[in-house]
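Mapped onto mature numbering (1 follows the signal peptide of the UniProt record, and there is no 0), the consecutive letters of the sequence shown carry residue numbers -23 to -1, 1 to 359. Ideal placement from N, C-alpha and C gives every residue a C-beta, glycine not left out. Input: a single structure, listed below in structure tokens.
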Amino acid sequence: MKSITIKSIAAFFLLACSGFTNPVSEPAPVKDISFKDAFKGKFYIGVAINRFQAMGRVEDEAKLIKEQFSSISPENDLKWQMIHPQSDQYNFEPADAYVNFGKESDMFIIGHTLVWHSQTPKWVFEDENGNPLTREALLKRMEDHIKTVVGRYKGVIKGWDVVNEALNEDGTLRDSKWRKIIGDDYIEKAFEFAHAADPNAELYYNDYNMYKAEKRAGAVKLVEKLKAKGLRITAVGAQAHYSLENGTLQEVEATIKDFINAGVHVNFTELDISVLPNGNAANSADVANSAEYKEELNPYTKGLPAEVQTKLADKYGNLFKLFVKYKKHIDRVTFWGLSDRTTWLNNFPIRGRTNYPLPFNRDLSVKKDVKEAILSAVQTSR
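And the structure:
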């Protein structure tokens, strides 16, 4: 029998007196927790995925998505031109792969998007002779599309971006072909058709630059109009395409408060933070926005300087602290893209640049300081 020291007896006595007879393991450090586990019970952490990821053709990316995220959005494959390219043709294979990817990991699956002025084929608005459709004909075309697409994924896709980017920067309605042919109530009709196709699905209005007061006021007015008509709208999606300078904490908090007062939740649906200058491009996420390439507008081709990454980490950390503060009114925060490797901001608003807007690097390694800053929101809320 091994000798028992005075220290070991004392240690045993202290454990017994405190009610513990077995050693207690320490919880895992927060920095080792996945994004989805860290924010579990607060809101979904989502990511927009592309066709190759959904089909499992890029195995390392697919693996990382499943490990880190609890919700997915499709970058393109549920947009009209992809899923319904011709009047008599639907292409469901990529969308089916996307939905199956989410089902495999029990993710909250988002449908993006049903009605948008962009990435909608010309034929949608024209008759067989190329003439503009009547209001009634375009409404029927919209209804048929929504009924077919939403109906196919009824009960599986849990939330839909019903209408995307219908507002100008001053908060007025964009003069899209939908509005020109149908009228201002095309938005109401889209929500009506989507709810009929899946009464249990969450329905959203989605737009960029909601942190700007004028545009946000237009969105609030739109929400109030839909609710006054008795239409279902669950949340507004604030596309969080920020930069190190744009989208201040004060502006983002004002956005949250205004939509709470309007009676809906606010989700942050396309989060990324550009570290590059805009050049002569407008401060806008409109896909038509662009500017000429210049070397001085692409300063970090050999890597992101530490001081710039620190600014990126600070902004992400402060944003997530704000999101956690209002967690009762936020259902989802979604990054727009998995990593710097595939972010759309490498080519927008200026093609051919090297941007670093996301928590994961081009080699899929995590930006440790960025992740730790984001997860600090969980620690400070405990």
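In this chain, the alpha helix (DSSP H) harbouring Trp57 covers 57 to 60. Across the set Asn183, His306, Thr331, the C-alpha of Thr331 shows the shortest separation from the C-alpha of Arg318.
Looking at the backbone, the Cα of Pro98 and that of Trp321 are separated by about 22 angstroms. Contact check for Ile210 and Gly136: beta-carbon distance about 11 angstroms, past the 8 angstroms limit, so the pair fails to qualify. Of all alpha-carbon atoms in Tyr21, Gln216, Ile158, Ala39, the one lying nearest the alpha-carbon of Asp263 is that of Gln216. For Gln216, the enclosing beta strand (DSSP E) covers residues 212 to 216.
Counting C-beta pairs closer than 8 angstroms gives three or more between the region 299 to 309 and the region 19 to 28, which meets the contact rule.
Every alpha helix (DSSP H) stretch that sits fully inside the region 102 to 186 and reaches 4 residues is listed by chain position as 112 to 129, 154 to 159, 163 to 174. Shortest Cα-Cα distance from Ile26 to any of Lys206, Pro336, Trp313 involves Trp313. Boundaries around Ala25 are those of the beta strand (DSSP E), 21 to 26, since no alpha helix (DSSP H) includes it.
Contact between the region 234 to 241 and the region 198 to 208 is present: three or more C-beta pairs spanning the two stretches fall below 8 angstroms. If you draw a 10 Å sphere on the C-beta of Gln63, you find fewer than 16 other C-beta atoms in it, and that means exposed. In this structure, Lys288 is the residue among Asp346, Lys166, Lys288, Asp175 with its C-alpha nearest to the C-alpha of Val252. Shown here for His89: same chain residues with a beta carbon closer than 7 angstroms to its own, the five before and five after excluded, namely Ser50, Pro51, Leu55, Asp138 in chain order. Beta-bridge pairing by DSSP links Arg309 to Tyr21. If you look at Asn77, you'll find it in the alpha helix (DSSP H) that goes 70 to 81.
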